[in-house]
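J.: Pasting a structure here, questions to come.
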Amino acid sequence: MDTAPSNTPAVRKKASKLKQSITDFFISLYRINQFILRFFREAFMPPFEFKEIMRQCYEVGVRSFTLITVTGFIVGLIFTKQSRPSLSQFGATSWLPSLVSIAIMRALAPLVTALIASGKVGSSIGAELGSMRVTEQIDAMEVSGTKPFKFLVCTRVLATTLTIPILSTYTGFIAMFGGYLNVAQNEGTTWSSFIQDFFSPLTYIDFVASLIKSILFGFTIGIVGCYQGFNSSKGTEGVGKAANGAVVTAMFLVFIEEVIIVQITSWFR
Amino acid sequence: MKKKIVTADHNNPVISIRGLEKAFEDYHVLRGINLDLYQGENLVVLGRSGTGKSVLIKIIAGLLTRDAGEINVLGHNYAHISEKELQELRIRIGFSFQNSALYDSMTVRKNLEFPLVRNRKGITRKEIDTAVETVLDAVGLSQTINQMPAELSGGQRKRIGIARTLILNPEIMLYDEPTAGLDPITCIEINDLINEVQQRYNTSSIIITHDLTCAKQTGDRIAMLLDGQFQRTGSFDEVFDTDDARVKPFFDYNFIQ
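Just so you know, the sequences run in chain order A and B.
By our numbering, the letter at position 152 of the first sequence is numbered 188, and the numbering carries on one by one without gaps.
By our numbering, the letter at position 225 of the second sequence is numbered 226, and the numbering carries on one by one without gaps.
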């Protein structure tokens, strides 16, 4: 009689691998949870690292500023340009500022900023902390009486949480300017008229939702980058993995959060 | 090589370890370590790579946790020590890392200032500058004060790493492979520096190495770590004088003649 498929060594091996993967997943989830809880435990307890937080805010802003300026401008310009043909079919090009404002302020500005920051800032944090872990600089900090978690992790996460909303607002205004140039060139709309049309469809909920979204995106980028770097494995490969993991995970989570927040805010409209 | 004149106080152990055990998953690295480090003594822990030498000092520094055993450091029992007490205790222990572990985004000055600024609240700029100049002078690298770690040689990085620990005036020094990766002349300079630190700062030290020259030059006492336990302890000659097939190949006497 043939052996039942469920008892073959290959099936057993696969089952064991699957079991291990599931176990590893839950262990990772537990560790991430502990990491986040530790952040909230330590970030709001004295002594506060104001100087280091300000330095990190500057780093986050400077690292992304140029790219965000260029990308924000292009997004506004291209979005306006691509939307015109559809609206012109109905003779509704005067709605362009409103359309652009809704798209940019509700979704594109926070999302584009978060994706750029994930790539620039998240990877940089992951690589920097990963490198510090590999070269024992984090251990050196610990033995010299400094809490590395507070000094390295809390400051960076707070910096991204504070700076990404500012960058996101900036992206929104740069994109608005890009949109205006296109509208002014084609429709000859004045600046004041454009601004009036741009802000008229926006409500209080749009600004609040956009702000909450940016804060959450900033926190996610910071905590993911720090988690990957702080827990990176030994060796140069570990640094690369930390940087890569920081970008991929942060981007994935940003999209998930975007979907959830859009759904929640739609209930309030 | 400079002559070493230091006498250890054998009635006053600054570190006392009993039955220390540590395993990484199924691999038992330390299997019941007993160790006393006396005031003013340089204890060299010798052993092959992977025998748990670095693990031992990382447990003493609180970077790794032990599985079993009792550790007393400067009167603090690790079984009852709080996180705050451990942090305060760490300031009294200097740790020189194998790869120096200098903060590569900071200059030498900032590297040296960092532990001082963070642990001595209210310290003045003048006091910081004086402390930095003193330790740099002690390691003979005053000219490197504004350089970045990447601009330093391996030996200079080791010296700056030691200087960074000295700035807090530690009572105990833990050296992890202080001469690893250095040329023979620089090794001798580092060995001399370890002895100078012992005399000038009155430190008690554990030196982890597999470099026999370093062991002979710096060690007041040698402990041979094999199979997770100290198999032989004594002076360099006492430890060497054995027929133990596990120890003898390591101490190829002709090698260091």
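Using N, Cα and C, we set each Cβ at its ideal position, and we do this for glycine too.
Look at the Cβ atom of Phe-255 (chain A), then the Cβ atom of Pro-146 (chain A), and state whether they are nearer than 8 Å.
T.: Indexing the first sequence from 1 puts residue 255 (chain A) at position 219. Indexing the first sequence from 1 puts residue 146 (chain A) at position 110. Not in contact: Phe-255 (chain A) and Pro-146 (chain A) (Cβ atoms no closer than 8 Å).
J.: What would DSSP say about Ile-146 (chain B), mapped onto helix, strand or coil?
T.: What you label residue 146 (chain B) is simply residue 145 of the second sequence in a count that begins at 1. Here Ile-146 (chain B) sits in coil by DSSP.
J.: How would you write the range of the alpha helix (DSSP H) that Glu-294 (chain A) sits in, first residue to last?
T.: By 1-based counting over the first sequence, the position of residue 294 (chain A) is 258. Run containing Glu-294 (chain A): 272-304, per the alpha helix (DSSP H) assignment.
J.: Could you give the residue range of the beta strand (DSSP E) that holds Met-225 (chain B)?
T.: Residue numbering aside, residue 225 (chain B) sits at position 224 when the second sequence is read from its first letter. Element bounds for Met-225 (chain B): 222-227.
J.: So, Glu-89 (chain B) versus Arg-222 (chain B), is the Cβ gap smaller than 8 Å?
T.: Stepping through the second sequence from its first residue, residue 89 (chain B) is reached at position 88. Stepping through the second sequence from its first residue, residue 222 (chain B) is reached at position 221. Cβ atoms of Glu-89 (chain B) and Arg-222 (chain B): not closer than 8 Å.
J.: Count the other CB atoms within 10 Å of the CB of Tyr-268 (chain B); is the residue buried (16 or more) or exposed (fewer)?
T.: The structure shown does not extend to residue 268 (chain B), since chain B spans only 2 to 258, so no value can be given for it.
J.: With Val-136 (chain B) and Glu-114 (chain B) assumed to form a contact (beta carbons below 8 Å), what rounded beta-carbon distance in angstroms separates them?
T.: Numbered from 1 along the second sequence, position 135 holds the residue referred to as residue 136 (chain B). Numbered from 1 along the second sequence, position 113 holds the residue referred to as residue 114 (chain B). Wrong, their Cβ atoms sit about 11 Å apart, outside the cutoff.
J.: Shortest alpha-carbon distance to His-77 (chain B) belongs to which of B:Asp-68, B:Ile-94, B:Leu-65?
T.: As a first step, residue 77 (chain B) must be located in the second sequence, where it is residue number 76. Taking only the C-alpha atoms, the option nearest His-77 (chain B) is B:Ile-94.
J.: Going along the chain, which residues of the segment 55-75 of chain B sit with their C-beta nearer than 9 Å to a C-beta in chain A?
T.: Per Cβ criterion, the list reads Lys-59, Ala-62, Gly-63, Leu-64.
J.: Comparing alpha-carbon positions, which option in B:Ala-80, B:Ile-92, B:His-211 lies nearest Pro-250 (chain B)?
T.: Along the second sequence, read from residue 1 onward, the residue named residue 250 (chain B) stands at position 249. The option with the nearest alpha carbon to Pro-250 (chain B) is B:His-211.
J.: Whose Cβ in chain A lies nearer than 8 Å to the Cβ of Asn-100 (chain B)?
T.: Looking up residue 100 (chain B) in the second sequence gives position 99. Per Cβ cutoff of 8 Å: Thr-171, Glu-172.
J.: Helix, strand or coil for Asp-27 (chain B), going by three-state DSSP, please let me know.
T.: Mapped onto the second sequence, residue 27 (chain B) falls at position 26. In this structure, Asp-27 (chain B) counts as coil in the three-state DSSP scheme.
J.: Relative to the alpha-carbon of Gln-218 (chain B), which residue among B:Ser-205, B:Ser-206, B:Asp-193 has its alpha-carbon at the smallest distance?
T.: In the second sequence, the residue the question calls residue 218 (chain B) occupies position 217. Answer by Cα proximity: B:Asp-193.
J.: Sort out for me which residues DSSP pairs Ser-119 (chain A) with in a bridge.
T.: Working through the first sequence from its first residue, we reach residue 119 (chain A) at position 83. Note: Ser-119 (chain A) sits in no beta bridge, so no partner.
J.: Just the Cα atoms here: how many angstroms apart are Val-15 (chain B) and Arg-77 (chain A)?
T.: Locating residue 15 (chain B) in the second sequence gives position 14, where the first residue counts as 1. Locating residue 77 (chain A) in the first sequence gives position 41, where the first residue counts as 1. C-alpha separation (whole angstroms): 34 Å.
J.: Which residues in chain B sit within 7 Å of Glu-178 (chain A), going by Cβ to Cβ distance?
T.: Numbered from 1 along the first sequence, position 142 holds the residue referred to as residue 178 (chain A). Result: Leu-64.
J.: At a Cβ cut of 8 Å, what residues of the segment 119-134 of chain B count as close to chain A, listed as they run along the chain?
T.: Answer in chain order: Arg-119, Asn-120.
J.: Alpha carbon to alpha carbon, how far is Asn-317 (chain B) from Arg-49 (chain B)?
T.: There is simply no residue 317 (chain B) to check, as chain B begins at 2 and stops at 258 in what is shown.
J.: Check Asn-35 (chain B) in the structure and name its three-state DSSP category.
T.: Here residue 35 (chain B) refers to the residue found at position 34 when the second sequence is read from its first residue. Strand at Asn-35 (chain B).
J.: If you compare alpha carbons, which of A:Val-295, A:Leu-194, A:Lys-117 is closest to Lys-249 (chain A)?
T.: By one-based count along the first sequence, residue 249 (chain A) stands at place 213. When only C-alpha atoms are compared, the closest one is A:Val-295.
J.: Just reading off the alpha helix (DSSP H) that Thr-210 (chain B) is part of, what are its end residues?
T.: If you number the second sequence from 1, residue 210 (chain B) lands on position 209. No alpha helix (DSSP H) contains Thr-210 (chain B), which is instead part of the beta strand (DSSP E) from 205-210.
J.: Helix, strand or coil: which one does DSSP assign to Ser-17 (chain B)?
T.: Taking the second sequence and counting its residues from 1, the one referred to as residue 17 (chain B) is at position 16. Strand, per DSSP.
J.: In terms of residues, what are the limits of the beta strand (DSSP E) holding Ala-69 (chain B)?
T.: Locating residue 69 (chain B) in the second sequence gives position 68, counting from the first residue. Element bounds for Ala-69 (chain B): 69-74.
J.: With a threshold of 8 Å between beta-carbons, can Gly-112 (chain A) be considered close to chain B, or not?
T.: Position 76 of the first sequence, counting from 1, holds the residue named residue 112 (chain A). Not one chain B Cβ lies under 8 Å of Gly-112 (chain A).
J.: As a quick exercise: from B:Leu-65, B:Ile-124, B:Ser-143, B:Thr-108, pick the residue whose alpha carbon is nearest that of Ala-24 (chain B).
T.: Here the question's residue 24 (chain B) lines up with position 23 in the second sequence. Ranking B:Leu-65, B:Ile-124, B:Ser-143, B:Thr-108 by Cα distance to Ala-24 (chain B) puts B:Leu-65 first.
J.: Tell whether a beta-carbon distance below 8 Å holds between Ile-208 (chain B) and Val-45 (chain B).
T.: The residue you call residue 208 (chain B) lines up with position 207 of the second sequence. The residue you call residue 45 (chain B) lines up with position 44 of the second sequence. For Ile-208 (chain B) and Val-45 (chain B), yes; Cβs fall inside 8 Å.
J.: For the segment 258-265 of chain A and the segment 278-289 of chain A, state whether three or more C-beta atom pairs, one from each stretch, are separated by less than 8 Å.
T.: Contact holds: three or more Cβ-Cβ distances are below 8 Å.
J.: Around the Cβ of Met-81 (chain A), are there at least 16 other Cβ atoms within 10 angstroms (buried) or fewer (exposed)?
T.: Counted from its first residue, the first sequence places residue 81 (chain A) at position 45. When all chains shown are included, Met-81 (chain A) counts as exposed.
J.: Taking the DSSP output, what are the residues bridged to Glu-22 (chain B)?
T.: Numbered from 1 along the second sequence, position 21 holds the residue referred to as residue 22 (chain B). The partner list for Glu-22 (chain B) (beta bridge, DSSP) reads B:Arg-32, B:Ala-69.
J.: Tell me, please, which residues DSSP counts as bridged to Glu-137 (chain A).
T.: Taking the first residue of the first sequence as 1, we reach residue 137 (chain A) at position 101. Looking at the sequence shown, residue 137 (chain A) is not Glu but Ser. None; Ser-137 (chain A) has no bridge partner.
J.: Since Thr-107 (chain A) and Ile-138 (chain A) are thought to touch, with beta carbons under 8 Å apart, how far apart are those beta carbons, to the nearest angstrom?
T.: Against the first sequence, residue 107 (chain A) aligns to sequence position 71. Against the first sequence, residue 138 (chain A) aligns to sequence position 102. Not quite, the Cβ-Cβ distance comes to about 19 Å (not below 8 Å), so this is no contact.
J.: Using three-state DSSP, classify Thr-108 (chain B) as helix, strand or coil.
T.: Within the second sequence, residue 108 (chain B) is the residue found at index 107, counting from 1. Thr-108 (chain B) falls in the coil class under three-state DSSP.
J.: For Tyr-28 (chain B) and chain A, any beta-carbon pair shorter than 8 Å?
T.: Counting from 1 along the second sequence, the entry for residue 28 (chain B) is found at position 27. Not closer than 8 Å to any Cβ of chain A, the Cβ of Tyr-28 (chain B) fails to qualify, so no.
J.: Have a look at Met-225 (chain B) and Asp-177 (chain B) and give me their C-alpha separation to the nearest angstrom.
T.: Walking along the second sequence from the start, residue 225 (chain B) turns up at place 224. Walking along the second sequence from the start, residue 177 (chain B) turns up at place 176. Distance between the alpha carbons of Met-225 (chain B) and Asp-177 (chain B) is about 15 Å.
J.: Do Gly-162 (chain B) and Leu-103 (chain B) have their beta-carbon atoms positioned less than 8 Å apart in this structure?
T.: Here the question's residue 103 (chain B) lines up with position 102 in the second sequence. Here the question's residue 162 (chain B) lines up with position 161 in the second sequence. Against a cut-off of 8 Å, the Cβ pair of Gly-162 (chain B) and Leu-103 (chain B) comes out as a contact.
J.: The beta strand (DSSP E) with Tyr-176 (chain B) in it runs from where to where?
T.: Indexing the second sequence from 1 puts residue 176 (chain B) at position 175. Run containing Tyr-176 (chain B): 173-177, per the beta strand (DSSP E) assignment.
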